[in-house]
Amino acid sequence: VAVPIWLATFGMQYGVVYGPHKDAIAQLFEQKLASDVDSAAYGSLARIAWGLALVIQVLLCQCTLGGFINSLLSWRGWIFLSRLTYSVYLVHLGLMAIVIEQMRAPAFLQPAFQAAMMYLGFMFMSYLWGAVLYLLVELPVAKLERVLYR
24 VAVPIWLATF GMQYGVVYGP HKDAIAQLFE QKLASDVDSA AYGSLARIAW
74 GLALVIQVLL CQCTLGGFIN SLLSWRGWIF LSRLTYSVYL VHLGLMAIVI
124 EQMRAPAFLQ PAFQAAMMYL GFMFMSYLWG AVLYLLVELP VAKLERVLYR
């Protein structure tokens, strides 16, 4: 029963992400803009479709119809990464600014492989420095706060 619903939600998300791809390619190479109707339809419905698909997926997981997706999203390894998100958020922009300012050519002119390697490097370094920030600042402050407010 749940498989067709999962496929429909994945289809909605696929449509939101890759729906404007053909128009973007046409605009890039043929200097053709998408029609006003297409732009208005995508602009007004894409966020609603994405949100609706996510809500349905969360409800499926809550009703134990998630299968392996529910077990993947419930993996205990996510707990540590979730604690790092704020530190990573604080660190990543400064890290990217330092690296991009030192580049000799604009980042958008880099080949796809080099851009992918930069992305992975930014992600790794952001999580590394985010972990350092978490261990040196957030964790001690949280423990101190727990002691003070007991």
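Note that my numbering has the sequence shown beginning at 24, numbered continuously upward. Glycine included, each C-beta is placed from N, C-alpha and C at the ideal position.
Query                                                                                                                             : Result
Nearest to residue 108 (by Cα), restricted to the options 155, 36 and 141                                                         : 155
Chain-order list of residues whose beta-carbon lies under 7 Å from that of residue 32 (same chain, five-residue window excluded)  : 76, 79 and 80
Cβ neighbours of residue 145 in the same chain (closer than 8 Å, five flanking residues each side left out)                       : 115, 118, 119 and 122
Where residue 142 falls, given that 16 or more other Cβ within 10 Å makes a residue buried                                        : exposed
Option in 158, 34 and 62 with minimal Cα separation from residue 103                                                              : 158
Residue 146 - containing alpha helix (DSSP H), residue span                                                                       : 135 to 156
Beta-carbon contacts of residue 131 that lie in its chain and below 7 Å, excluding the five residues immediately before and after : none
Rounded distance between the beta-carbons of residue 153 and residue 105, thought under 8 Å                                       : Incorrect: roughly 12 Å between the Cβ atoms, too far for contact.
Stretch-stretch touch, CB-based, cutoff 8 Å, three pairs: the region 31 to 47 with the region 56 to 74                            : yes
Environment of residue 97 [buried if 16+ CB atoms lie within 10 Å]                                                                : exposed
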